[in-house]
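Structure record follows, encoded as structure tokens.
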Amino acid sequence: MSSKPSRRSVLSGLAALAATGPAFAEAPLASLRPLARGTVPEPPPPPEPAPAIDLVRKAGLGGAVGYLVVNARTGEVVEELNPDLRLPPASVAKAATAYYALSRLGAAHRFETRLLATGPVEGGRLKGDLVLQGGGDPILDSDALGEMAAALKAQGIFEVTGRFRVDPSALPYVPEIDAEQPEQVGYNPAIDGLNLNFNRVHFKWKRAGGRYEVSMQARARRYSPETAVAKMTVEDRPGPVFTYEDNGNIDYWTVARQHLGNEGARWLPVSRPADYTADVFQTLARSHGIVLDRGKDVHGATGTPLLTHVSPQLHEMLGGMLRYSTNLTAEAIGLTATHASGTRPSSLIRSAREMNLWYNRALGCHSTGFVDHSGLGYGSRVSARDMVTLLQAARRGALLPKLMKSFNAGDDAIAVKAKTGTLNFVSALAGYIDAPGKPPLTFAIFTADMPRRDAIRIEERERPPGARGWANRSRGLQKQLIRRWAERAHA
39 MSSKPSRRSV LSGLAALAAT GPAFAEAPLA SLRPLARGTV PEPPPPPEPA PAIDLVRKAG
99 LGGAVGYLVV NARTGEVVEE LNPDLRLPPA SVAKAATAYY ALSRLGAAHR FETRLLATGP
159 VEGGRLKGDL VLQGGGDPIL DSDALGEMAA ALKAQGIFEV TGRFRVDPSA LPYVPEIDAE
219 QPEQVGYNPA IDGLNLNFNR VHFKWKRAGG RYEVSMQARA RRYSPETAVA KMTVEDRPGP
279 VFTYEDNGNI DYWTVARQHL GNEGARWLPV SRPADYTADV FQTLARSHGI VLDRGKDVHG
339 ATGTPLLTHV SPQLHEMLGG MLRYSTNLTA EAIGLTATHA SGTRPSSLIR SAREMNLWYN
399 RALGCHSTGF VDHSGLGYGS RVSARDMVTL LQAARRGALL PKLMKSFNAG DDAIAVKAKT
459 GTLNFVSALA GYIDAPGKPP LTFAIFTADM PRRDAIRIEE RERPPGARGW ANRSRGLQKQ
519 LIRRWAERAH A
């Protein structure tokens with residue numbers, strides 16, 4: 039039951055409040071002089087921004103944080119924290135690869151994929167072998183192969199009396215980018231001089247009654263032929279979700295039925311890109327009535343060029359790589375850039391070592407320890423100072439900042455062009471900041487909790503517990519730092 043307060047209780051409460059004095063009521067201790075009519079009072083001073091170290095502590099990331107931001111015009115340091123600490127760059131490494139490739143190959147470089155004839159063409163018959171020769175093109179897809187098959191028919195060729203061979207020797211064969219990744223992740227494919235559809239196969243499934251219909255396709259926008267180099271079987275088991283077996287010529291996959299649901303699709307990596315490309319081209323050529331009998335691979339093939347597929351210019355490919363963070367593109371372009379110097383490394387780590395040496399000689403970077411060109415490899419390390427040094431050099435060329443993706447820092451007035459990088463319990467961001475009335479800034483931020491990353495079992499590395507929340511906190515810290523720097527920078 040409730041009762042209304044009495045008049046006496048209300049008056050008593052007001053008297054008690056008045057008796058506490060100005061310290062309680064926060065009343066002014068002196069009379070305020072009224073402002074003249076039309077006068078606008080001065081706004082209170084803005085609160086002092088929290089020290090950056092407080093922002094880092096509140097993010098609760100654990101592990102280590104290193105960053106550096108400089109005035110892009112003068113090189114003057116705006117703020118830094120552990121700028122010489124070597125930390126994993128994740129996909130920020132792709133920005134380093136992009137500048138390396140632009141410097142070595144030039145923005146107008148193109149990749150070529152050719153069809154060669156080892157004998158004469160008479161009456162529509164190629165009396166010799168047909169060779170599909172790769173040039174390392176990282177964005178070759180089934181649509182391009184379909185166009186080449188159609189062009190072959192348009193030349194009047196309807197029969198090849200010899201064998202169909204492929205030449206993938208433009209780049210070394212690499213079975214996977216990082217051996218520490220789960221087998222089923224599509225971002226960790228093999229690499230070769232012939233690459234197709236980012237060396238991924240499209241696994242699609244749909245429940246039909248009490249069974250599943252599955253397909254393994256070389257999927258592109260116009261052409262999506264089935265491939266015979268990858269097989270999938272649905273099995274009754276609680277786990278693991280996927281298993282993989284290398285048969286020598288075929289990738290054998292199984293998937294646990296309990297994890298499929300009614301329908302879906304995902305990309306799986308291809309372990310033998312040259313075989314995959316050859317198989318798809320044979321299928322597409324057959325659709326035009328040209329039956330090809332596969333023979334052994336060749337290296338350094340010579341012959342009469344029948345037709346050539348030419349890739350877009352390098353700067354366009356790098357723009358896509360930085361936007362979508364495609365690992366295969368980074369690795370193939372990085373390997374090609376190293377080859378341009380006359381060095382033919384047999385592995386990614388040897389090619390990355392050449393890139394490290396180039397940055398050391400060209401820019402005086404001493405902490406660059408990339409083990410590949412994509413940043414996927416576990417062992418890559420670089421400091422914020424060296425990352426800013428190379429980004430400053432790239433800024434003078436003007437092209438790299440234009441290729442980078444816009445990053446939303448939570449303030450529309452601040453324009454950020456940057457490369458992001460994310461691995462399990464690793465998050466990185468590096469690039470350029472422009473704010474109204476402020477000098478342009480160049481920055482790099484690296485965060486990593488390596489003990490927590492090391493504790494993840496390999497089968498959990500696709501989606502480990504806690505990784506998403508950690509990454510969100512790191513991105514929140516990155517945005518706070520960018521807004522802080524844009525406010526504190528002086529022209």
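Numbering (the numbering used here), first residue to last: 39 to 529. We put the CB at the ideal spot given by N, CA and C, even for glycine.
Leu106 and Leu33 - do their beta-carbons sit closer together than 8 angstroms?
Past the edges of the chain, shown from 39 to 529, lies residue 33, and the structure says nothing about it.
State buried or exposed for Leu395, treating a residue as buried only when at least 16 other CB atoms are found within 10 Å of its CB.
Within the sequence shown, numbered from 1, the residue matching residue 395 stands at position 357. Leu395 is exposed by the Cβ-count criterion.
Cβ of Phe202 within 7 angstroms of any heavy atom in the ligand MN?
No copy of the ligand MN appears in this structure; indeed no ligand is present at all.
Would you mind stating whether Glu117 and Ala90 have Cβ atoms separated by less than 8 angstroms?
The residue labelled residue 117 in the question sits at position 79 within the sequence shown. The residue labelled residue 90 in the question sits at position 52 within the sequence shown. Their beta carbons are under 8 angstroms apart, which means Glu117 touches Ala90 by this criterion.
My output table needs one value for Phe445: the three-state DSSP class, helix, strand or coil.
What you label residue 445 is simply residue 407 of the sequence shown in a count that begins at 1. DSSP places Phe445 in coil when its eight states are reduced to three.
Between the segment 304 to 312 and the segment 225 to 241, do three or more beta carbon pairs fall short of 8 angstroms?
yes
Helix, strand or coil for Gln518 per DSSP?
Here residue 518 refers to the residue found at position 480 when the sequence shown is read from its first residue. Gln518: helix per DSSP, three-state reduction.
Would Ala493 be called buried (16 or more neighbouring beta carbons within 10 Å of its own) or exposed?
Counting from 1 along the sequence shown, the entry for residue 493 is found at position 455. Classification for Ala493: exposed.
Should Ile288 be flagged as near chain D, meaning a C-beta pair shorter than 8 angstroms?
Included in the structure is just one protein chain, with no chain D present.
Give me the Cα-Cα distance between Arg521 and Ala447, rounded to the nearest whole angstrom.
Locating residue 521 in the sequence shown gives position 483, counting from the first residue. Locating residue 447 in the sequence shown gives position 409, counting from the first residue. The alpha-carbon atoms of Arg521 and Ala447 are separated by roughly 7 angstroms.
How would you label Ile195, buried or exposed, when you count the other beta carbons within 10 angstroms and need 16 or more for buried?
Position 157 of the sequence shown, counted from the first residue, corresponds to residue 195. With 16 or more other Cβ atoms within 10 Å, it is buried.
With a Cβ-Cβ cutoff of 8 angstroms, do Thr156 and Gly166 count as a contact?
Here residue 156 refers to the residue found at position 118 when the sequence shown is read from its first residue. Here residue 166 refers to the residue found at position 128 when the sequence shown is read from its first residue. In contact: Thr156 and Gly166 (Cβ atoms closer than 8 angstroms).
Per-residue burial, Gly302 [other beta carbons within 10 Å of its own, 16 or more giving buried]
Position 264 of the sequence shown holds residue 302. Classification for Gly302: exposed.
How should Val348 be labelled, buried or exposed, when 16 other C-beta atoms within 10 angstroms of its C-beta is the threshold for buried?
If you number the sequence shown from 1, residue 348 lands on position 310. Val348 comes out exposed.
Which residues in the same chain as Arg46 place their Cβ atom closer than 7 angstroms to its Cβ, once the five residues preceding and following it in sequence are excluded?
By 1-based counting over the sequence shown, the position of residue 46 is 8. Any reading at Arg46 is ruled out, since the residue's pLDDT is 39, under 50, leaving its predicted position unreliable.
If you reduce the DSSP assignment to three classes, tell me which class Asn109 lands in.
On the sequence shown, position 71 is the one that residue 109 refers to. Reduced to three states, the DSSP call for Asn109 is strand.
Start and end residues, alpha helix (DSSP H) containing Val426
Sequence index remark: in the sequence shown, residue 426 carries index 388 (1-based). Element bounds for Val426: Ala422 to Gly435.
Contacting residues, own chain, Cβ-Cβ under 6 angstroms from Tyr290 (five flanking each side not counted):
Walking along the sequence shown from the start, residue 290 turns up at place 252. Taken in chain order, the residues that qualify are Lys269 and Glu283.
Output needed for Pro213: all residues of its chain with C-beta closer than 6 angstroms, excluding positions within five of it in sequence on either side, in chain order.
Along the sequence shown, read from residue 1 onward, the residue named residue 213 stands at position 175. Result list for Pro213: Ala228, in chain order.
Three-state secondary structure assigned by DSSP to Ala378:
In the sequence shown, counting from the first residue as 1, residue 378 sits at position 340. Residue state, collapsed to three classes: coil.
Pairing CB atoms from the segment 187 to 203 with CB atoms from the segment 159 to 174, are three or more of them under 8 angstroms?
yes
So if DSSP puts Trp243 in a beta bridge, which residue, or which two residues, is it bridged to?
Mapped onto the sequence shown, residue 243 falls at position 205. The partner list for Trp243 (beta bridge, DSSP) reads Val252 and Gly302.
Contact belief for Arg411 with Leu386 at Cβ below 8 angstroms, rounded distance in angstroms:
For the purposes of this step, residue 411 is identified with residue 373 of the sequence shown, where counting begins at 1. For the purposes of this step, residue 386 is identified with residue 348 of the sequence shown, where counting begins at 1. The question names Arg, but residue 411 in the sequence shown is His. With a Cβ gap of about 7 angstroms, His411 and Leu386 count as contacting.
When you compare the CB positions of Lys457 and Ala473, do they come within less than 8 angstroms of one another, or not?
Taking the sequence shown and counting its residues from 1, the one referred to as residue 457 is at position 419. Taking the sequence shown and counting its residues from 1, the one referred to as residue 473 is at position 435. Cβ atoms of Lys457 and Ala473: not closer than 8 angstroms.
Decide if the segment 352 to 359 is in contact with the segment 323 to 338; the criterion is three or more beta carbon pairs, one per stretch, under 8 angstroms apart.
no
Looking only at its own chain, which residues have a Cβ that is under 7 angstroms from the Cβ of Arg259, when we skip the five neighbours before and after it?
Position 221 of the sequence shown holds residue 259. Cβ within range, chain order: Asp181.
Are at least three pairs of beta-carbons, each pair with one atom in the segment 244 to 255 and one in the segment 216 to 234, less than 8 angstroms apart?
no
According to DSSP, is Arg419 part of a helix, a strand, or is it coil?
For this step, residue 419 is matched to residue 381 along the sequence shown. It is a strand residue.
Give me, in chain order, the residues of the same chain whose beta-carbon lies closer than 7 angstroms to that of Gly357; leave out the 5 immediate sequence neighbours on both sides.
Against the sequence shown, residue 357 aligns to sequence position 319. These residues qualify, in order along the chain: Leu441.
With DSSP as the reference, identify every bridge partner of Arg332, one or two as the case may be.
Translated into the one-based positions of the sequence shown, residue 332 becomes position 294. Beta-bridge pairing links Arg332 to Phe202.
Same chain, Cβ closer than 6 angstroms to Asp122, five either side skipped, listed in chain order:
Translated into positions along the sequence shown, residue 122 becomes position 84. Excluding sequence neighbours, Asp122 sits near Ser421 and Arg423.
Use the C-beta contact count for Ala436: other C-beta atoms within 10 angstroms, 16 or more gives buried, fewer gives exposed.
Counting from one through the sequence shown, the residue named residue 436 turns up at place 398. Exposed, by the Cβ-count rule.
Extent of the continuous beta strand (DSSP E) run through Asp284
As a working note, residue 284 is residue 246 in the sequence shown. Here the beta strand (DSSP E) through Asp284 covers Phe280 to Asp284.
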